Structure formats: structure tokens, C-alpha cells
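First the structure, in the form of C-alpha cells, and then the observations on it.
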Amino acid sequence: MNPVHLDENLSRFTELGIYASMLFYAAAFVVLSMNLARASSEKSKVRATAGKLEGVGVWLIIIAVIFQGIGVVGRGVAVQRVPWANMYEFTITSTFVAVAIYAVAQFIRKDIRFIGILISGFVTLALGLATTLWYVQVKTLMPALQSYWLLIHVTVAILATAFFNIAAALSIAYLFKTAKWVQEPSKKLGKNKLFKTFKRILSLFPGEEKLEQTSYRFNIIGFILWSFTLIAGAIWAERAWHRYWGWDTKEVWTFIIWTIYAGYLHANATRGWHGKRSAWLVVVGFAAILFNFTIVNLFFKGLHVYSGLK
Amino acid sequence: MGWLRWIWRQVTSMRTALILLLMLAAAAIPGSIYPQRTADPNGVSTYFQQNPTSAPIMDKFQLFDVYSSAWFSAIYILLFVSLIGCVLPRIAVHAKALMTPPAATPTNLGRMAAFAEAEVGPKKLATTLDRAQALLKKQGYRVLRDDSSVAAERGYWRETGNLIFHVALVGLLIAVGFGGAYSYSGQRVLVEGDTFVNNLAGYDSFSPGIAFNESMLPAFSATLKRFDVKYDISNRTNTGTPLSFKAYVDIRERGSLKVQHKTVQVNAPAEVPNAKVYLTGNGYAPVITVRDGKGNVAYSGPVVYLPQDPNMTSLGVIKVPDAKPQQFGILSFFYPTAGKLKTGAYTSVFPANANPLVTMNIYEGNLGLDAGIPSNAFSLAVHGLNQLTGGKTGVKSIELRLGQSAVLPKGLGSVSFDSLRRYASLDIDYNPGQGWVLLFALLALGGLIMSLVIPRRRVWVKIKDGGFEVAALARGDDPMLERVVADVTKQLQAKAQKAKVKKVKKDDK
């Protein structure tokens with residue numbers, strides 16, 4: 029590889045785009061929370077004003093994702109390569125893709141709009157971690173990453189994660205909606221004002237069946253993409269690490285995640301495993317993805333150590 | 105017989121498959137927490153040293169060989185038995201379904217997942233079934249027609265894909281097994297100028313599959329002519345980051361006089377017949393000469409130093425068992441670009457060799473090599489040895505710049521740092537199964553996509569007095585079901601109306 033000109037100043041400057049996007053995501057989170065509070069109000073007059081706020085929240089997310097896009101592209105220009113070679117870059121890029129998918133999907137299917145509150149909250153948090161703890165100065169690719177598989181393997185992994193992310197949000201909503209303590213609350217809890225509000229919030233979400241079905245559709249796309257990630261990773265490993273599979277920690281966790289979601293697909297075809305149980309598998313699967321990305325990256329020993337952090 | 109059948113039914117049920125999958129996921133976790141012999145053998149020996157009581161017990165439970173352990177194998181073998189038991193009958197059922205027409209129209213269509221009714225004029229009602237048959241056939245349905253209805257089914261490829269996916273997984277497992285049995289992976293550290301001959305004695309470490317024999321090793325030799333590393337010096341934030349590693353290797357096949365000049369890089373292995381040569385590591389090999397107390401050369405040659413940090417501060421060990429009058433060992437650091445910390449200790453400040461320095465601590469005593477017990481060449485068991493320089497001895501460590509030599513204390517002899525070479529860690533690998541593994545993996549992926557994306561549905565059109573009914577039922581998730589019913593209904597109506605318009609025109613004439 030020939031020496032390239034890395035531009036730390038540009039990276040820092042366009043990181044402002046990430047900061048700006050965090051501001052808008054946080055604002056969207058607040059507005060969407062207010063919207064939920066209003067929509068779940070006991071007073072019909074207040075309820076009537078809620079719809080507008082949802083629109084405002086969604087537009088704030090769209091503005092945020094544009095700013096984030098500037099940050100992502102700016103980082104790419106600053107490092108003269110794809111912006112996903114370390115944890116900071118992977119986080120800003122993958123959350124950007126997840127939000128972009130949401131932003132497009134909510135135009136097509138208005139009934140997934142409501143997860144904007146989960147998405148904006150999650151992304152604010154993720155970007156907060158990325159900018160404070162995971163930022164690394166502009167670096168070239170280490171020789172092990174100098175391959176076109178970086179483009180293929182990681183892009184698809186990012187997409188898979190984004191789809192799993194949205195599906196997890198839907199399944200979490202489903203689990204709240206169908207929880208026993210929500211459906212049949214104790215007398216004391218049933219009279220609690222906060223609980224009543226919470227229940228009204230839940231009633232605003234799409235129906236159980238719709239949530240389950242939509243989550244399933246996002247998950248099957250995620251699963252296909254994840255399978256591809258695994259195969260592409262193995263092809264790359266054969267070139268870079270001299271074997272296609274060696275139970276490296278990252279390979280182990282990619283396998284674990286694949287197996288959990290394979291279990292989820294079987295659960296959907298098994299009597300008694302529909303609904304809540306399979307929704308829990310979605311939550312477990314996504315938890316494994318987050319674990320794989322954070323704990324495995326930072327604390328486990330292995331070949332796949334590309335956090336860029338010391 | 106009855107209970108055998110019951111057990112078989114349990115094993116091949118979807119629920120069992122699901123539970124085995126979740127067990128497999130859980131069973132894979134320990135292998136990422138504890139070091140594994142295949143992926144990290146040094147980690148295992150370190151673990152044994154640090155946990156002398158618990159490690160042997162954990163070893164009994166195969167926690168350092170999770171993926172070849174009895175319990176992990178038991179789970180996946182059961183899973184595959186369950187898979188085969190589930191898929192074989194499904195293949196038979198599906199083959200039969202492919203050869204038989206769709207099931208006849210049920211009586212009550214109103215109970216189906218998607219349903220619509222429409223009214224049409226009595227004259228057009230007669231043609232509705234004809235048109236429905238043509239329409240559904242055009243859309244790729246298999247169609248069965250009777251007096252009052254059309255039954256149609258599509259999406260047979262969904263189940264075909266599902267079966268391909270599962271059968272491909274069996275193929276994948278077999279390919280992994282056979283490939284692994286006939287595979288080998290050997291490691292060799294090669295210093296610039298040295299030659300490696302491909303036989304078992306030529307390797308530093310070697311892991312063969314169970315069906316391996318030495319005749320499988322292709323006869324060739326490899327000489328490391330030069331090892332090049334380019335480090336970034338132009339970007340402040342990136343200083344010292346390696347931009348490329350290149351091992352220039354000359355390969356000679358036996359019986360051939362031709363020398364093939366190959367460049368081995370990370371991500372770009374070199375092909376030799378029946379094997380690939382990979383670059384997996386590199387470092388410095390200072391050439392050191394040790395003379396004993398009598399002035400005889402006790403050791404001379406390049407010493408492989410293992411890198412300890414990104415700036416290539418490296419650790420090397422020299423054992424001199426033949427030194428007279430006393431054996432001794434040397435624990436040594438190499439700094440390619442030596443700089444001094446505030447504490448006075450040395451460190452390397454840049455990974456290229458701009459200011460090379462070797463420091464040495466000398467240990468005299470019995471090195472324990474004479475007992476014939478194999479020992480790690482890269483570590484010196486200092487316990488029981490007498491340290492003569494560095495640390496708490498009060499005697500300064502020996503420091504050698506390139507070309508310098510120094511006298512050892514207590515008349516042990518002398519050392520010199522003659523020149524500096526680089527080394528490359530090469531991996532020679534062969535796995536005849538991997539092409540098959542890839543093929544089956546891609547087949548599985550293709551089958552998976554088909555089984556998840558292609559909708560399998562039945563559609564019925566039935567005529568009744570004054571109109572017709574359309575209904576549909578999906579097997580599995582089908583986001584389009586209602587739209588399909590609406591669409592079919594609309595088209596059958598639209599065509600009816602269009603036909604009506606034509607008829608009116610005819611009447612005008």
C-alpha cells in the first residue's frame with residue numbers, strides 16, 4: 029500500500045456532524061417521548077395534538093441522519109478508505125445505516141414510525157459511546173484489513189445488524205404489550221396512574237400480531253445477510269488467516285448468533301413457541317450481537333481485534 | 105417397537121431441533137472464554153501455569169478443546185440426526201406434492217385467511233372460471249379446475265429451497281469432516297537467507313488431520329530472500345503503522361531447476377502445488393555470537409526475537425548449554441529504534457530499525473536441557489538460575505549496538521551483535537475440503553433465501569349465484585396474501601366489465 033494523506037483535522041471537523049446528529053437524535057427522542065405522553069393522555073383534547081409531534085420527531089430523525097451522513101462520509105474522506113475499520117467507525121456507520129433504513133421504511137409503512145423513539149434513544153447512546161470512548165485518530169488499514177473483502181464482509185454485516193436492530197425494537201414492543209403484568213395487572217398496579225399511562229402508550233403501538241409479523245420479516249432479511257456475512261468472513265479468513273474456520277472468538281460469536289436466529293426461525297414453526305418465546309429469542313439474539321460487538325471486541329483475545337483501541 | 109417410534113418422532117420433531125440449536129449456541133460460549141488448544145495453544149499453557157489446581161479439572165471436561173469435545177460433538181451429531189430424520193420424509197412428501205395437482209377447493213372459502221367476493225353479470229359468470237384459470241396459470245400457479253371452482257397453488261420452490269438448505273448443511277458437515285481429516289497446517293519461522301524444506305522435520309509446529317501422512321507433503325523448498333516492511337512516517341496520527349508486509353520467497357519444486365520468485369503478503373498467500381504459503385507474522389532476528397570462557401564459539405547465528413509491542417520491542421532467549429566452564433542463558437531485549445524512558449529504561453519508539461540496540465541479562469546455572477525434557481525455546485525458566493546482570497543484581501545489563509561486543513561477568517565469555525536480519529512466520533496449509541465446504545455453504549444460502557422469500561400459497565376462485573368468491577391461504581409467512589386476493593378479484597371483475605363493454609359495441613352494429 030502506498031502512503032496516503034490522512035487528515036485528522038477533517039475527521040475532527042466532520043465529527044461535528046456526528047455531534048450535531050446526536051443533538052437532533054436527542055431532540056427527536058424528547059419530542060417523541062412528549063408525543064407518547066400526549067397520545068396517551070386521558071384528555072382527548074391533548075390526545076388530538078399528538079400526531080403533529082410524531083411528525084416533528086420523525087423529521088428531527090431525518091435531519092439527524094443527514095448530519096450523521098456528513099460525519100460518516102467526512103471520516104471516509106479523511107482516512108481515504110471505507111469508514112468501518114475500527115469500533116468508532118463501525119458504530120457511526122452501522123447506526124447511520126440502521127437509521128437510514130428506518131427513515132426510508134417509515135415512509136412506506138407508517139406503522140413502524142413508533143419505533144423512532146427506541147431507535148433515536150439507542151443511536152444517541154451508541155454515538156455517545158463512540159465519540160467519547162471509542163474515537164481513534166485517523167489511521168491507515170493494517171495489512172490484514174487490506175482486502176476488498178472489507179467492503180463486502182463488513183457492509184453486509186452492517187446491514188444485517190441494522191435489520192436485526194429494528195426487529196429487536198419491534199419484539200421488545202411486542203413483549204411489553206403481551207406481558208402478563210401488563211395484560212392482567214395486580215389490583216394495586218392497575219390503579220397506579222403511571223401504569224395506566226404506560227398501558228395507554230402500549231395501546232398506541234400496532235397490534236401484537238402486526239408487531240410479531242413485522243419483526244419476523246426484518247429478522248429473516250437479517251438472517252440471510254448474517255449467513256452471507258459468515259460465509260464471506262470464512263472466505264476472507266482463508267486468505268488472511270490461512271484457514272476458513274478456526275473457532276476464533278469472533279467466529280465463535282458469529283456462529284452463536286447465527287444459531288440463535290436459526291433457533292428463532294424454528295421457533296416460529298413450532299407449536300407453543302410462537303409469540304412470546306420467539307420474541308425472547310429475538311432479544312437474546314440481539315443481545316448476543318451487542319455482546320459480540322462490545323465485550324468480545326474489547327476484552328476477548330482473538331485474531332479479529334480491530335477496535336483500534338489500546 | 106412403539107416406544108422406539110415414539111423416540112424417533114421426538115428426536116425428529118421441530119421442537120427438538122430448536123432446543124438442540126439453542127443448546128449448541130450455549131455450548132459454544134465456553135470456547136470463546138477459555139483459551140482453546142487449536143486456536144491459542146500458548147494461552148492454554150499460560151492458563152495451566154496461572155491456575156494449576158482448576159485447569160486440570162477443567163481439562164477433564166474438555167474446556168480447552170470445546171469444539172472437539174464429547175459434549176459439543178454430541179449436541180451437533182444429535183442435531184444432524186434430527187435434521188436428517190426430519191428432512192428425509194419431507195423430501196418424499198414434497199416429491200409427491202410436486203407430482204400431484206393442487207388439493208380440491210374446500211366448501212367454505214369464507215374461513216380462509218384472505219377472502220373476497222364480487223358480483224358480476226350472469227353472462228360473464230360463465231367465463232369467470234376460464235379467465236381465472238388462465239390468469240393464475242400465467243402467474244405461475246398450478247391449477248386444478250372443476251365444475252364450479254379453480255384451485256391453484258404456487259411456491260413449491262419454497263419447500264424445495266428449504267430441503268436444499270438442510271441437505272446442503274449435511275453436505276457441509278461431511279466436507280468439513282473429510283477436509284479436516286486430510287488437511288494439515290504447519291508453521292515455520294524463516295530468517296532472511298534461510299531455506300525451508302517441506303518435510304515434517306522442517307516445521308516448528310505442525311497440526312495434521314487424522315488421515316494425514318507425510319507423503320502428502322508436496323516436495324518443494326522455500327528460501328526467504330528478503331522481508332520488507334513499510335511503515336508510515338508521513339502522517340502524524342499514523343506514525344509507525346505498518347503499511348505493508350512483503351516476504352520475497354524463492355520456491356523450488358523437486359525435480360525442477362526453475363526457481364519461482366513469489367511475494368507472500370497478508371491476504372495474498374503464494375500457491376505451491378497442493379498447498380498455500382501464508383504470511384502470518386514477522387520480526388527481527390539479530391545475529392549474535394556467544395563465546396564461552398575458553399574463547400570457543402558456543403553459539404553463533406540469528407536469534408528469533410518475539411515482538412512485544414507495536415513498536416517491535418522484542419524478547420529473545422539464548423541458551424548456551426555447551427559453554428565451558430559453566431552453562432548459561434541469556435534473556436534479551438531488542439529495540440529497533442531505542443529510546444530512553446524517564447525511568448532510564450529502554451523502549452522502542454519506532455518499529456523500523458533506525459537505532460537498533462540489544463540488551464542482555466545473563467543467568468548462570470543448570471539450564472535443565474541435559475535431562476532430555478523438551479523445553480520452550482522462546483522462554484527461559486529463570487527459577488534456580490543465578491542472575492548476573494540487570495534487575496536487582498546491581499550490575500548493568502549488557503548493551504550492544506550493531507557491531508559491538510561485550511565481555512560477560514565472572515569470566516563466562518563474551519557476546520557480540522554482528523548484524524541484523526528479519527524473519528517471517530510462514531504457514532503452509534492444505535485443506536482439500538474447503539472448495540466443497542464453500543459450495544455447500546453457497547447452496548445452503550441459496551436454499552435459505554428461497555425458503556424464506558418465496559411465498560407458498562393456495563388460491564381458490566369459486567362461482568356462485570350472481571358472482572364469485574376468491575380466497576387464499578399461505579403456508580408460512582406471506583406478506584402479499586391479502587393483496588393477491590384483492591388483485592385476482594379486481595382482474596376478474598375488470599375483465600368481466602371490459603368484456604361487457606365489447607359486447608355493447610357489438611350490439612350497436
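In order, the protein sequence lines correspond to chains A and B.
Residues in the first sequence are numbered consecutively from 29, following our numbering.
Residues in the second sequence are numbered consecutively from 105, following our numbering.
Cβ coordinates follow ideal geometry from the N, Cα and C atoms, glycine included.
Quantities reported herein were computed from a predicted structural model and do not represent experimental measurements.
Asked                                                                                                                                 : Found
Endpoints, the beta strand (DSSP E) within which HIS33 of chain A is located                                                          : Per DSSP, HIS33 of chain A belongs to no beta strand (DSSP E) and is neither H nor E.
ASN266 of chain B at chain A interface by Cβ criterion, 8 Å                                                                           : no
Chain A contact for ILE553 of chain B (CB, 8 Å cutoff)                                                                                : yes
Beta carbon proximity, ILE46 of chain A to chain B, threshold 8 Å                                                                     : no
Three-state secondary structure (DSSP) of VAL110 of chain A                                                                           : coil
Where MET170 of chain A meets chain B, residues with beta-carbon distance less than 8 Å                                               : THR345 and PRO346
Cβ-heavy atom distance, LEU230 of chain A to the ligand NAP, below 7 Å                                                                : You won't find the ligand NAP in this model; it holds no ligand whatsoever.
Alpha helix (DSSP H) runs contained entirely in the region 245-279 of chain B, provided each spans 4 or more residues                 : none
Cut-off 6 Å between Cβ atoms - residues of its own chain near VAL182 of chain A, not counting five sequence neighbours on either side : TRP112
Any C-beta of chain A under 8 Å from that of ILE502 of chain B                                                                        : no
Inter-residue Cα distance where the pair is LEU327 of chain A and GLY144 of chain A                                                   : Note that residue 327 of chain A is Phe in the sequence shown here, rather than Leu. Rounded to the nearest angstrom, the two C-alpha atoms are 32 Å apart.
Expected contact under 8 Å - CB spacing of LYS238 of chain A and ASP139 of chain A to nearest Å                                       : 7 Å
VAL295 of chain B vs VAL408 of chain B beta-carbon contact at 8 Å                                                                     : yes
Cutoff 8 Å; reference LEU34 of chain A; Cβ partners in own chain excluding five residues on either side                               : ALA106, VAL107, GLN108, VAL166, LYS167 and THR168
According to DSSP, residues forming a beta bridge with GLN154 of chain B                                                              : None, per the DSSP bridge assignment.
Neighbour-count burial assignment, HIS332 of chain A, 16 or more Cβ in a 10 Å radius                                                  : buried
Distance CB(HIS198 of chain B)-CB(THR116 of chain B) smaller than 8 Å                                                                 : no
Cutoff 8 Å: LEU126 of chain B Cβ touching any chain A Cβ                                                                              : yes
GLN211 of chain A, enclosing beta strand (DSSP E) - first and last residue                                                            : Taken as a continuous stretch (DSSP letters only), GLN211 of chain A belongs to no beta strand (DSSP E), being part of the alpha helix (DSSP H) at 208-211.
Cα-Cα separation, ALA307 of chain A to ALA372 of chain B                                                                              : 43 Å
For HIS365 of chain B, the first and last residue of its enclosing alpha helix (DSSP H)                                               : Careful: HIS365 of chain B lies outside any alpha helix (DSSP H), inside the beta strand (DSSP E) at 363-368.
N- and C-terminal bounds of the alpha helix (DSSP H) containing PRO429 of chain B                                                     : Counting along the chain, PRO429 of chain B falls outside any alpha helix (DSSP H), and DSSP gives it neither H nor E.
Inter-residue spacing [alpha-carbon to alpha-carbon] between GLY290 of chain B and ASN378 of chain B                                  : 14 Å
Reduced DSSP category for THR77 of chain A - H, G, I as helix; E, B as strand; rest coil                                              : coil
Of the listed residues A:TRP87, A:ALA131, A:GLY85 and A:ALA158, nearest to THR121 of chain A (C-alpha basis)                          : A:ALA158
Below-8 Å beta-carbon distance, ARG119 of chain B vs any chain A residue                                                              : yes
CB contact check: PHE328 of chain A to chain B, cutoff 8 Å                                                                            : yes
Extent of the continuous beta strand (DSSP E) run through LEU560 of chain B                                                           : The identity of residue 560 of chain B in the sequence shown is Arg, whereas the question assumes Leu. 560-568 is the extent of the beta strand (DSSP E) around ARG560 of chain B.
Residues of the region 359-392 of chain B with Cβ closer than 8 Å to any Cβ of chain A, in chain order                                : GLN369, VAL370, ASN371, ALA372, PRO373, LYS380, TYR382 and THR384
N-terminal and C-terminal residue of the beta strand (DSSP E) that MET464 of chain B is part of                                       : 461-468
Cutoff 6 Å; reference PHE152 of chain B; Cβ partners in own chain excluding five residues on either side                              : ALA159
LEU183 of chain B versus ALA130 of chain B: straight-line alpha-carbon distance, rounded                                              : 14 Å
Element boundaries [beta strand (DSSP E), containing ASN386 of chain B]                                                               : 379-396
Opening and closing residue of the alpha helix (DSSP H) in which LEU126 of chain B lies                                               : 118-132
Residues bridged to GLY420 of chain B [DSSP beta-bridge criterion]                                                                    : B:SER436
Proximal residues, the region 287-321 of chain A versus chain B, C-beta separation under 7 Å                                          : THR287, ILE288, ALA290, GLY291, HIS294, ALA295, ALA297, THR298 and TRP301
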